[in-house]
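These notes are about the structure you will find just below.
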Amino acid sequence: MRRTGERAEAVRDSQASVQRSHSRKGLVPCRGEELPGNDYVTSLPKEKQGKRPSALRSASVSNPNFRFVSRFRSPPLTSGRLGFRCGRFLRSLLPVPPRPRMALPIIVKWGGQEYSVTTLSEDDTVLDLKQFLKTLTGVLPERQKLLGLKVKGKPAENDVKLGALKLKPNTKIMMMGTREESLEDVLGPPPDNDDVINDFDIEDEVVEVENREENLLKISRRVKEYKVEILNPPREGKKLLVLDVDYTLFDHRSCAETGVELMRPYLHEFLTSAYEDYDIVIWSATNMKWIEAKMKELGVSTNANYKITFMLDSAAMITVHTPRRGLIDVKPLGVIWGKFSEFYSKKNTIMFDDIGRNFLMNPQNGLKIRPFMKAHLNRDKDKELLKLTQYLKEIAKLDDFLDLNHKYWERYLSKKQGQ
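Position in the sequence shown (first residue = 1) + 1432 = this note's numbering.
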């Protein structure tokens, strides 16, 4: 009995010694599942959590009373630092609940009406918005142009999510586009009007070109395929002024150190006055990069007193065949009317060009301006834009331009000013 008691006391002393040794090495008793012997786990620093430390492996070999406890046999989630780590691990295995859809109400303005869009979220795309607008307006997505939706300064593509546009709730945007049935009406042959034809003294071939089906199909393709970059949104209630560039706004043939020296007199005054009643569009039979360069050089694109709605280049023109002149390139206003039918039409559009054949498809809407050439000699004499400023102001009072004959614009102006 004496030996048995001494042996038990020796075992207790040995266990106490092991506990003191493990305590000095950073080992703490495990309070998890009860296992035979003395079980310990290492109190690990944060950067090593989740990994099996070598200290545990060596301890399990050197000490027969030490057993490594798997993290899957860890203590309850409320038991100390180890429990906290195990709880966090187990929570990471749970499925992440889906993020709730955040509704993004938008107000779209089209055709003089406002449409409220409340069923879309930030996860929907621009194409989803267009598809929804089709159900409201009947305008196909490929016909729609949404103004104000930009990403990094560029128009948003169809695959861009609405959340990436950083829109505020109930943001108002403008849509431009035409229903298919409306497009057919715009591009169809004009109604017969013998009085207008006689007033213009138009050649038979001109009337034939204007009504020829193949030319109307070309216009239809331009409406569908030509991309217009909107610089400033069209304004409701404004008429449309379409301007040529070369020999109309400046002398592009003469030599000068700066473009300002070749600018037509009263250009900025003319545009400032016209902007009060008209949206202004630039259309030149050249490449767009040259149009942009000329407008910048003349100070037109940066002037604070007026704004350019958009610009068209030679790609928007069509080629027509005439019996007497053969193939010629023209500027059909039907391209603009087809793309912006809710704003512009034959009734409220006028076009200035020094080449009459450019409005061969729309003779009633064209005004042939005197060309501005030899700027150094004629700069002090040219008063064309000054007088046309007054003409535009007079006809802006009219609801319909169809009864006007722009060929005799000076006669009309004199008559009005004499009253």
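Ideal Cβ positions, reconstructed from N, Cα and C, are used throughout, including at glycine.
Secondary structure of residue i, DSSP reduced to three states
i     : result
Y1472 : Reliability of the predicted coordinates at Y1472 is poor, the pLDDT of 43 falling under 50, and the value obtained from them is presented with this limitation in mind. If DSSP states are grouped into helix, strand and coil, Y1472 belongs with the strands.
Y1823 : helix
L1759 : strand
I1723 : helix
K1457 : Only weak support is given to the placement of K1457: the predicted model assigns it a pLDDT of 48, under 50, and the value that follows is read from those uncertain coordinates. Here K1457 sits in coil by DSSP.
Y1547 : strand
K1771 : helix
G1731 : coil
V1628 : With a pLDDT of 36 at V1628, under the threshold of 50, the modelled position of that residue is not reliable, and no figure is offered here.
V1713 : strand
A1748 : helix
P1496 : Residue confidence is low: P1496 scores 49 on pLDDT, short of 50, so the model does not pin down where it sits. No coordinate-derived value is stated.
S1553 : strand
K1562 : helix
F1804 : coil
T1690 : coil
P1764 : coil
Member of the options whose CA lies at the smallest distance from the CA of residue i
i     : options                    : result
V1571 : R1696, C1687, K1813, E1774 : E1774
F1702 : K1728, E1724, V1732, K1650 : V1732
T1781 : N1790, V1762, Q1796, L1845 : Q1796
K1562 : S1548, N1590, E1546, V1583 : N1590
K1779 : K1815, T1821, Y1710        : Y1710
K1839 : V1677, F1791, G1669, K1721 : F1791
L1799 : G1669, L1759, L1824        : L1824
N1647 : L1759, Y1547, F1833, W1715 : L1759
R1757 : M1727, R1789, K1604, N1735 : R1789
E1661 : M1720, L1834, S1705, P1601 : M1720
N1602 : V1641, K1566, K1584, V1549 : V1549
CB of residue i within 8 Å of CB of residue j, strictly
i     : j     : result
F1564 : L1675 : no
L1672 : Y1738 : no
L1599 : I1539 : no
R1575 : T1610 : yes
K1656 : I1750 : no
L1817 : R1667 : no
Y1679 : D1786 : yes
D1761 : T1718 : no
K1670 : M1607 : no
P1573 : L1581 : no
I1605 : L1578 : yes
V1752 : I1714 : no
Spatial neighbours of residue i in its chain, beta-carbon cut-off 6 Å, leaving aside the 5 residues before and after
i     : result
E1554 : M1534, L1536, L1594, G1595
N1794 : L1765
L1663 : I1740, F1742
K1848 : E1826
L1559 : N1590
Y1707 : Y1738
N1625 : The pLDDT assigned to N1625 is 42, lower than 50, so where the model puts this residue is not dependable; a value taken from the coordinates is nonetheless given after this. Hits under 6 Å: none found.
Beta-carbon contacts of residue i that lie in its chain and below 8 Å, excluding the five residues immediately before and after
i     : result
K1806 : D1683, S1686
T1690 : E1729
L1694 : F1682, D1683, H1684, S1686, A1688, A1807
Q1822 : L1845, Q1849
S1705 : T1821, L1824, K1825
Element boundaries [beta strand (DSSP E), containing residue i]
i     : result
F1878 : Outside the shown range of the chain, which is 1433 to 1851, sits residue 1878, and nothing can be said about it.
F1742 : 1740 to 1744
V1674 : 1671 to 1675
V1540 : 1538 to 1542
L1830 : Premise fails: L1830 is in no beta strand (DSSP E) and is neither H nor E.
K1598 : No beta strand (DSSP E) contains K1598, which DSSP labels as neither H nor E.
K1604 : 1603 to 1608
L1799 : 1798 to 1800
Sequence-distant residues of the same chain with beta carbon closer than 7 Å to residue i, five excluded per side
i     : result
V1747 : Note on identity: in this sequence residue 1747 is Ala, with Val being the wrong assignment. Counting only Cβ-Cβ distances below 7 Å, and skipping sequence neighbours, we find Y1658.
R1654 : A1748, I1750, V1767
Residue span of the alpha helix (DSSP H) that contains residue i, given as start and end
i     : result
V1655 : 1645 to 1657
Q1576 : Element bounds for Q1576: n/a, residue is neither H nor E.
Y1844 : 1841 to 1850
N1810 : 1807 to 1810
S1686 : Taken as a continuous stretch (DSSP letters only), S1686 belongs to no alpha helix (DSSP H), as it is neither H nor E.
T1704 : 1699 to 1706
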